[in-house]
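To start, the structure under review is shown below, and the notes come after it.
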Amino acid sequence: MTTVQVSTPGGAYPIHVGAGRLDRLAESIPADATAIAVVTNPKVAALYGDRVRDALAATGKQVFFIELPDGEAFKDWQTLNLIFDALLQNRLDRKAVLVALGGGVIGDMCGFAAASYMRGIRFVQVPTTLLAQVDSSVGGKTAINHPLGKNMIGAFYQPIAVEIDTDVLTTLPAREISAGLAEVIKYGMIIDAKFFDWCVANVAGLRTLEPQAITYAIQRSCELKAQVVSQDERESGLRAILNFGHTFGHAIESGLGYGEWLHGEAVGCGMVQAAQLSALTQGLSLQSVRRIRTLVQEIGCPVNPPELGTERWIELMQVDKKTEGGQLRFVLLPEIGQACVGVVPQEALSKVLEPDTASATA
Ligand SMILES: NC(=O)c1ccc[n+]([C@@H]2O[C@H](COP(=O)([O-])OP(=O)(O)OC[C@H]3O[C@@H](n4cnc5c(N)ncnc54)[C@H](O)[C@@H]3O)[C@@H](O)[C@H]2O)c1
Ligand SMILES: O=C(O)C(=O)C[C@@H](O)[C@H](O)[C@H](O)COP(=O)(O)O
Ligand SMILES: [Zn+2]
Numbered sequence: 001m002t003t004v005q006v007s008t009p010g011g012a013y014p015i016h017v018g019a020g021r022l023d024r025l026a027e028s029i030p031a032d033a034t035a036i037a038v039v040t041n042p043k044v045a046a047l048y049g050d051r052v053r054d055a056l057a058a059t060g061k062q063v064f065f066i067e068l069p070d071g072e073a074f075k076d077w078q079t080l081n082l083i084f085d086a087l088l089q090n091r092l093d094r095k096a097v098l099v100a101l102g103g104g105v106i107g108d109m110c111g112f113a114a115a116s117y118m119r120g121i122r123f124v125q126v127p128t129t130l131l132a133q134v135d136s137s138v139g140g141k142t143a144i145n146h147p148l149g150k151n152m153i154g155a156f157y158q159p160i161a162v163e164i165d166t167d168v169l170t171t172l173p174a175r176e177i178s179a180g181l182a183e184v185i186k187y188g189m190i191i192d193a194k195f196f197d198w199c200v201a202n203v204a205g206l207r208t209l210e211p212q213a214i215t216y217a218i219q220r221s222c223e224l225k226a227q228v229v230s231q232d233e234r235e236s237g238l239r240a241i242l243n244f245g246h247t248f249g250h251a252i253e254s255g256l257g258y259g260e261w262l263h264g265e266a267v268g269c270g271m272v273q274a275a276q277l278s279a280l281t282q283g284l285s286l287q288s289v290r291r292i293r294t295l296v297q298e299i300g301c302p303v304n305p306p307e308l309g310t311e312r313w314i315e316l317m318q319v320d321k322k323t324e325g326g327q328l329r330f331v332l333l334p335e336i337g338q339a340c341v342g343v344v345p346q347e348a349l350s351k352v353l354e355p356d357t358a359s360a361t362a
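Here it is in structure tokens:
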């Protein structure tokens, strides 16, 4: 087991990474917890519910399970309210602890419920998808979607611990592994060129969950994300680089309907588009754009954006949280391993959004 530490003004906590962590969840429940509510979905509950129930029984506390419908399409008010209904019906008090057992959808919703139930109760992240293990369980962004935009209603709210059991990845479908790898390679592109090269060299092992490769990728991703959020918890500057590819990616998700493309797939494609935009505005070399495109393709994510039409793309991207005074801002790469945030000329953006001209920059 290895531990990565996160330290923010909103809370400091360990990320434990190792095989079999699910059986040791009791270690992350504070002694003064009055009850534990596990927020999950039917698919994850069927796979891991019994093990988690047994592990938490060791605390001697009352354990409730709250099952939400599965999928991005349910990351909404109505589903969030199911958590509050269950917490109130079971009379959970301020010293109750929530446990988010599932992927990023469960983690984001459980975290938002923890942030707002009785104005804030403690929660533990137990991410069970690769994407959630390398990204969404760390750093305290919690949210639900709005029909007009991704993650539009939410809060910054840190968990008290993150428990990553690498064994649970064995039941994940290949498509979900590819989606998770998109957020892994993102760290290489924005902050760690050596890690990017390592991902290129180890892509086969990553896709097949070769234990050493996937464990290292999870640890390194958590370290890099912890470094960023520990410096800028609430995205007043640096943290925005974690949004690389997301201005395009979120537009794909909301434009096509939540769940049509997986978040990681949309981000993978969005990173190719953002790399093309970086070539036009930051001098990113065409060789680097090609390397990014090839890696996104090799992890199994789409590299060709859906045809939404330039006007619709811009309308969808306008609601991005980085937009200031109506002006779109993008995360861009001057080179692989370095990122900045900036505005771009309209012509450059149009070139990327018009499929014929975009292919010329890749
Ligand atoms: N808060 C953040 O910083 C942050 C970061 C990245 C992504 N996100 C959000 O995370 C969400 C995407 O998360 P995701 O990719 O984990 O999707 P997800 O939560 O929908 O999970 C994907 C699928 O895998 C299933 N699943 C979960 N664990 C499993 C397992 N071990 N074996 C088999 N199936 C399993 C789920 O039930 C679901 O059907 C998006 O809403 C995105 O916006 C948030
Ligand atoms: O943690 C962050 O900061 C991120 O931007 C990580 C992203 O991968 C994640 O998808 C995040 O939820 C997007 O944030 P948003 O603020 O654009 O909704
Ligand atoms: Zn993301």
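All residue numbers for the sequence shown refer to UniProt numbering, where the first residue is 1 and numbers rise by one.
Glycine included, C-beta positions come from ideal geometry on N, C-alpha and C.
Values in this document were obtained by computation on a predicted structure and should not be read as measured data.
Open item on the list: Distance check for Thr166 and Thr129, CA to CA, integer angstroms please.
Closed with: Numbered from 1 along the sequence shown, position 129 holds the residue referred to as residue 129. Numbered from 1 along the sequence shown, position 166 holds the residue referred to as residue 166. Taking the straight line joining both Cα atoms gives about 9 Å.
Task: Between the CA atoms of Leu88 and residue 384 - distance to the nearest angstrom - done: A query on residue 384 cannot be resolved here, the shown segment of the chain reaching from 1 to 362 and no further.
Task: Within 8 Å, strictly: CB atoms of Cys269 and Ile252 - done: By 1-based counting over the sequence shown, the position of residue 269 is 269. By 1-based counting over the sequence shown, the position of residue 252 is 252. The Cβ atoms of Cys269 and Ile252 sit closer than 8 Å to each other.
Task: CB of Ala35 within 8 Å of CB of Leu80, strictly - done: As a working note, residue 35 is residue 35 in the sequence shown. As a working note, residue 80 is residue 80 in the sequence shown. Taking 8 Å as the Cβ cut-off, Ala35 and Leu80 do not qualify as a contacting pair.
Task: For Ala274 and Ala31, the rounded distance between their alpha carbons - done: Against the sequence shown, residue 31 aligns to sequence position 31. Against the sequence shown, residue 274 aligns to sequence position 274. Computed Cα separation, rounded: 47 Å.
TODO: Pair every Cβ in the region 140-149 with every Cβ in the region 157-171, then say whether three or more of these pairs are closer than 8 Å.
DONE: yes
Open item on the list: Spatial neighbours of Leu92 within its chain, please: C-beta separation below 7 Å, excluding the five flanking residues on both sides.
Closed with: For the purposes of this step, residue 92 is identified with residue 92 of the sequence shown, where counting begins at 1. Within the same chain, Leu92 has close Cβ partners Ala35 and Ala37.
Open item on the list: Tell me which residues share the same chain as Val17 and place their Cβ nearer than 6 Å to its Cβ, disregarding the 5 neighbours each side in the sequence.
Closed with: If you number the sequence shown from 1, residue 17 lands on position 17. Answer for Val17: Thr2, Ile164, Ile218 and Gln219, listed in chain order.
- [ ] Please go through the same chain and pick out, in chain order, the residues whose beta-carbon is closer than 6 Å to the beta-carbon of Ser221, but skip the five residues on each side of it.
- [x] Counting from 1 along the sequence shown, the entry for residue 221 is found at position 221. Same-chain partners within the cutoff: Val134, Val184 and Tyr187.
Task: Three-way DSSP call (helix, strand, coil) for Arg94 in this model - done: Taking the first residue of the sequence shown as position 1, residue 94 is located at position 94. DSSP, reduced to helix, strand and coil, places Arg94 outside both helices and strands of the structure shown, so it counts as coil.
Open item on the list: Could you tell me the alpha carbon to alpha carbon distance between Leu56 and Val303, rounded to whole angstroms?
Closed with: Residue mapping note: residue 56 aligns to position 56 of the sequence shown, counting from 1. Residue mapping note: residue 303 aligns to position 303 of the sequence shown, counting from 1. If I take the Cα positions, the gap works out to 42 Å.
- [ ] Just list the beta strand (DSSP E) runs in the region 197-227, keeping only unbroken ones of 3 residues or longer that don't cross its boundaries, in chain order.
- [x] The qualifying runs do not exist here; there are none.
Open item on the list: As an exercise, report each continuous beta strand (DSSP E) stretch of at least 3 residues that is fully enclosed by the UniProt domain "3-dehydroquinate synthase N-terminal" (66-178), in chain order.
Closed with: 97-102, 122-127, 141-146, 149-156 and 161-165
- [ ] Could you say if the region 286-297 and the region 189-205 meet the contact criterion of at least three C-beta pairs nearer than 8 Å?
- [x] yes
TODO: Please find out if some non-hydrogen atom of ligand 1 comes closer than 7 Å to the beta-carbon of Gly10.
DONE: Here the question's residue 10 lines up with position 10 in the sequence shown. It does not: the Cβ of Gly10 is nowhere closer than 7 Å to a heavy atom of ligand 1.
- [ ] Pick helix, strand or coil for Thr34, following the three-state DSSP scheme.
- [x] Residue 34 sits at position 34 when you count from the first residue of the sequence shown. Thr34: coil per DSSP, three-state reduction.
- [ ] Grab me the residues of Leu353's own chain with a C-beta within less than 6 Å of its C-beta, minus the 5 sequence neighbours each way, in chain order.
- [x] Numbered from its first residue, the sequence shown carries residue 353 at position 353. Only Thr310 and Trp313 meet the Cβ criterion.
Open item on the list: Could you check whether the region 42-55 touches the region 92-106, counting it as contact only if at least three pairs of C-beta atoms, one from each stretch, sit closer than 8 Å?
Closed with: yes
Task: Buried/exposed call for Asp108, threshold 16 Cβ in 10 Å - done: Taking the sequence shown and counting its residues from 1, the one referred to as residue 108 is at position 108. With 16 or more Cβ atoms within 10 Å of its Cβ, Asp108 is classed as buried.
Open item on the list: Across the region 277-290 and the region 250-267, are there enough close Cβ pairs to call them in contact, namely three or more that are closer than 8 Å?
Closed with: no
Task: Inter-stretch contact (C-beta, 8 Å, three-pair minimum) for the region 223-240 and the region 5-23 - done: yes
Task: Val162 versus Glu347: straight-line alpha-carbon distance, rounded - done: Within the sequence shown, the letter at position 162 stands for residue 162. Within the sequence shown, the letter at position 347 stands for residue 347. Near 43 Å, if we compare the C-alpha coordinates of Glu347 and Val162.
TODO: Work out the CA separation of Leu238 and Met189 for me, nearest whole Å.
DONE: For the purposes of this step, residue 189 is taken as the residue at position 189 of the sequence shown. For the purposes of this step, residue 238 is taken as the residue at position 238 of the sequence shown. So the alpha carbons of these two residues sit roughly 15 Å apart.
TODO: In angstroms with no decimal places, state the Cα-to-Cα distance between Asn90 and Gly120.
DONE: In the sequence shown, residue 90 corresponds to position 90, counting from 1. In the sequence shown, residue 120 corresponds to position 120, counting from 1. Between Asn90 and Gly120, the C-alpha separation is close to 17 Å.
Open item on the list: Let me check you understand the geometry: is the CB of His146 closer than 7 Å to at least one non-hydrogen atom of ligand 2?
Closed with: If you number the sequence shown from 1, residue 146 lands on position 146. No - ligand 2 has no heavy atom lying nearer than 7 Å to the Cβ of His146.
Open item on the list: I need the straight-line Cα distance from Met246 to Val272, nearest angstrom please.
Closed with: Within the sequence shown, the letter at position 246 stands for residue 246. Within the sequence shown, the letter at position 272 stands for residue 272. Strictly speaking, residue 246 in this sequence is His, with Met absent from that position. When rounded, the distance between both Cα atoms is 11 Å.
TODO: Check each candidate in Ile336, Arg175, Pro127 and Ile83 and name the one with the smallest Cα separation from Gln297.
DONE: Along the sequence shown, one-based indexing puts residue 297 at 297. For the residues Ile336, Arg175, Pro127 and Ile83, the minimum Cα distance to Gln297 belongs to Arg175.
Open item on the list: Measuring only from the beta carbon, is Glu354 closer than 7 Å to any heavy atom that is part of ligand 3?
Closed with: As a position in the sequence shown, residue 354 is number 354, starting the count at 1. No.
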